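Trainee:
In the working numbering, the protein residues as written are 187 to 314.
1) Would you say the segment 225 to 235 touches the segment 257 to 265, given that touching needs at least three Cβ pairs under 8 angstroms?
2) Report yes or no: do the segment 247 to 256 and the segment 214 to 224 share at least 3 C-beta pairs separated by less than 8 angstroms?
3) Tell me, please, whether the segment 238 to 247 touches the segment 275 to 293 by the rule of three or more beta-carbon pairs shorter than 8 angstroms.
4) From residue 317 to residue 199, what distance separates their C-alpha atoms?
5) What does the alpha-carbon distance come out to for the pair residue 249 and residue 236?
6) Buried or exposed: where does residue 278 fall if 16 or more other Cβ atoms within 10 Å of its Cβ makes it buried?
7) Taking the beta carbon of residue 188 as the centre, do at least 16 other beta carbons fall within 10 Å, making it buried, or is it exposed?
8) Quick check: the Cα distance between residue 314 and residue 191, rounded to an integer number of angstroms?
9) Can you tell me where the beta strand (DSSP E) with residue 287 in it begins and where it stops?
10) Along the alpha helix (DSSP H) that carries residue 268, what are the first and last residues, could you check?
11) Candidates 307, 207, 284 and 194: which alpha carbon is nearest residue 293's?
12) For residue 305, count neighbouring Cβ atoms within 10 angstroms of its own Cβ and tell me buried if that reaches 16, exposed if not.
13) Kindly identify the DSSP beta-bridge partner or partners of residue 248.
Following this line, the structure appears as C-alpha cells:
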C-alpha cells in the first residue's frame, strides 16, 4: 500500500478471501491508519498481529517486535557518536536485541479465542 485510499482495496480483497488472521507490517502509512485496520479487523473477526506493542495496546490481538525504547536509544547513541566526530562508515552495525510479546486478552475474548497459558507465560505484557 502506498496511500490511504489503498486500504479500501485491501479490505475488499480480504472480505472476499476471509482470512483468519492479519499480520500488519508497520510503516508510516500503516501506523497512521492503524485504527482503520483495527476497526476493520474487529468488524470482520480477523485476528490482527503487529510488530509494535502500541497497536496491541490499541486493540490488536498481539504484537511481537523490537523494544522501541532500546531502538531509539541505539539510534541516539549513533547520532551522538557521529556528532562527536566518528565516521558513520566506521561505526559497527548494531541491532536491537530485545523483543517484546504483548497479548491483548480483551481482543482475544471479542474474537472468541483462548490464548494458551504457555503463550501468556512468555508474554512481556498481558492486557486484560
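Every residue, glycine too, gets a C-beta built ideally from N, C-alpha and C. Every value quoted in this text rests on a predicted model; they were computed, and no experiment measured them.
Mentor: According to the data block:
1) no
2) no
3) yes
4) Nothing in the structure corresponds to residue 317, since the chain is present only between 187 and 314.
5) For the purposes of this step, residue 249 is taken as the residue at position 63 of the chain shown. For the purposes of this step, residue 236 is taken as the residue at position 50 of the chain shown. One C-alpha to the other measures close to 5 angstroms.
6) As a working mapping, residue 278 is identified with position 92 in the chain shown. Residue 278 should be labelled exposed.
7) Working through the chain shown from its first residue, we reach residue 188 at position 2. When all chains shown are included, residue 188 counts as exposed.
8) As a working note, residue 314 is residue 128 in the chain shown. As a working note, residue 191 is residue 5 in the chain shown. Near 33 angstroms, if we compare the C-alpha coordinates of residue 191 and residue 314.
9) Taking the first residue of the chain shown as 1, we reach residue 287 at position 101. Residues 285 to 290.
10) Residue mapping note: residue 268 aligns to position 82 of the chain shown, counting from 1. Unbroken alpha helix (DSSP H) run through residue 268: 254 to 269.
11) Here residue 293 corresponds to residue number 107 of the chain shown, with the count starting at 1. Comparing Cα-Cα distances from residue 293 to each of 307, 207, 284 and 194, the minimum goes to 207.
12) Walking along the chain shown from the start, residue 305 turns up at place 119. With fewer than 16 Cβ atoms within 10 Å of its Cβ, residue 305 is classed as exposed.
13) Stepping through the chain shown from its first residue, residue 248 is reached at position 62. Looking at the DSSP assignment, residue 248 forms a beta bridge with 235 and 289.
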